[in-house]
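Chemist: Got a structure for you, written out below as structure tokens; questions coming shortly.
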Amino acid sequence: MYINKGRLYILSAPSGTGKTTICGEILKTVSNLKVSVSFTTRSPRAGERNDIDYTFVSVGEFKERLAAGEFIEWAEVHGNYYGTSIKRIEEIQNEGSDILLDIDTHGAKQIRARHIDAIYIFILPPSLKTLRERLYKRNLDDEKTINRRLDKAKDEISESLYYDYIIVNNNLSEAVDGLKSIILSSRLKADCLNTGWYEAEFGI
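One point on numbering: in UniProt numbering, the residue at position 165 of the sequence shown is 165, and numbering is uninterrupted.
Set out below in structure tokens:
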């Protein structure tokens, strides 16, 4: 009734910062907030469901969609392609829902270059030392891989200055509250109101 069109929230962070956990928590606590299911050419992992976790397509189909301009952003990672559908973003926005888009700084750059209206949020670790400790605790990578992730993190963190908001994830609940406050306060901005309702109720 009140909301006109959903907003797009771009969320980026270095690997190991806790972005995925924060996204999961915020989706539980904020209503009318959705994620866009991305397309990928990689094979499904155990437990992943098509059109829920990702839309799994062949390399040929992905390239056809890319040539047709269907992706708002895309990337090739470790030989696999990933892309976010413009159509899916627009469908969610037009139904009045906000979208939380979890992408890297490269994807955020692509969207920014298109001059698409979005709110950019970057999640920072308290320090590189803390980030290294978190990566070690995951026990997923060897020393060489961790060092590579840290080098990439430095490059990504340098891009954080181009974002609208920065949240330092030193405490999970506080980081979730910070993201929640950004989303809820943005919904109160005047340009979010349905102009038809505004005119019908107040005659202006």
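Quick reminder that beta carbons are idealized off the backbone N, C-alpha and C, glycines included.
(1) Within 8 Å, do at least three Cβ pairs link the segment 61 to 68 to the segment 102 to 111?
(2) Within a Cβ cutoff of 6 Å, which residues of the same chain sit near Pro14, ignoring the five residues on either side of it in sequence?
(3) In the DSSP assignment, the alpha helix (DSSP H) including Asp155 goes from what residue to what residue?
(4) Taking Cβ to Cβ, would you say Ile166 is nearer than 8 Å to Leu124?
(5) How big is the Cα-Cα spacing for residue 207 and Leu131?
(6) Measuring only the C-alpha atoms, how far is Thr21 from Gly60?
(7) What residues are listed by DSSP as bridge partners for Asp98?
(8) List the whole-angstrom C-beta distance separating Asp98 from Asn32, where the pair is believed to meet the contact cut-off of C-beta under 8 Å.
(9) In terms of residues, what are the limits of the alpha helix (DSSP H) holding Gly16?
(10) Just list the residues that DSSP pairs Val77 with in beta bridges.
(11) For Leu8 versus Ile116, is the C-beta distance shorter than 8 Å?
(12) Starting from Tyr136, follow its DSSP beta bridges and name the residues at the other end.
(13) Is Thr40 helix, strand or coil by DSSP?
(14) Under 8 Å, do Gly69 and Phe39 count as touching if we go by C-beta distance?
Modeler: Let me lay it out:
(1) no
(2) What you label residue 14 is simply residue 14 of the sequence shown in a count that begins at 1. Closer than 6 Å at the Cβ level, and outside the excluded window around Pro14, lie Ala153, Glu156.
(3) For the purposes of this step, residue 155 is identified with residue 155 of the sequence shown, where counting begins at 1. 143 to 158 is the extent of the alpha helix (DSSP H) around Asp155.
(4) Mapped onto the sequence shown, residue 166 falls at position 166. Mapped onto the sequence shown, residue 124 falls at position 124. In this structure, Leu124 lies closer than 8 Å to Ile166 by Cβ.
(5) Given a span of 1 to 204 for the chain in the structure shown, any question on residue 207 remains unanswerable.
(6) For the purposes of this step, residue 21 is taken as the residue at position 21 of the sequence shown. For the purposes of this step, residue 60 is taken as the residue at position 60 of the sequence shown. The straight-line gap from Cα to Cα measures roughly 33 Å.
(7) Looking up residue 98 in the sequence shown gives position 98. Looking at the DSSP assignment, Asp98 forms a beta bridge with Leu33.
(8) The sequence position of residue 98 within the sequence shown is 98, counting from 1. The sequence position of residue 32 within the sequence shown is 32, counting from 1. That belief holds up - the Cβ atoms of Asp98 and Asn32 are roughly 6 Å apart, short of 8 Å.
(9) Taking the sequence shown and counting its residues from 1, one reaches residue 16 at position 16. Where Gly16 is concerned, there is no enclosing alpha helix (DSSP H), given that its DSSP letter is neither H nor E.
(10) Numbered from its first residue, the sequence shown carries residue 77 at position 77. Answer is Asn80.
(11) Position 8 of the sequence shown holds residue 8. Position 116 of the sequence shown holds residue 116. Yes. Within cutoff.
(12) Reading the sequence shown from its first residue, position 136 is the one you call residue 136. DSSP output for Tyr136 lists no bridge partner at all.
(13) Locating residue 40 in the sequence shown gives position 40, where the first residue counts as 1. Correct three-state label for Thr40: strand.
(14) Position 69 of the sequence shown holds residue 69. Position 39 of the sequence shown holds residue 39. Their beta carbons are not under 8 Å apart, which means Gly69 does not touch Phe39 by this criterion.
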